[in-house]
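Please read the structure below before turning to the comments.
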Amino acid sequence: MKQRSSIIGSVEALPHRVASHLSREIEGGDIIPGARLPTESQLADKFGVSRNVVREA
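Per this note's numbering, the sequence shown runs over residues 16 to 72.
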């Protein structure tokens, strides 16, 4: 049962991790503030997550 809850916890953390990474890219100048972000599909491929995770982020 413990293993299952740790998997659920990591899945719930995915949107937060994606959002944090995007914030760091903006702060670091890799993404220009005000510029269009890549599409959901592009971001999903980049981070290896589903489009739903990207959308939630």
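Each residue gets a CB set at the ideal place from its N, CA and C atoms; glycine is no exception.
In terms of Cβ geometry, valine 69 and leucine 58 form a close pair [threshold 7 Å]. Contact check for proline 30 against glutamate 55 fails: the beta carbons are separated by 7 Å or more.
The DSSP-derived three-state label of serine 65 is coil. Assigned with DSSP and collapsed to three states, leucine 29 falls in helix. Pairing glutamate 40 with isoleucine 46 gives a Cβ-Cβ distance under 7 Å.
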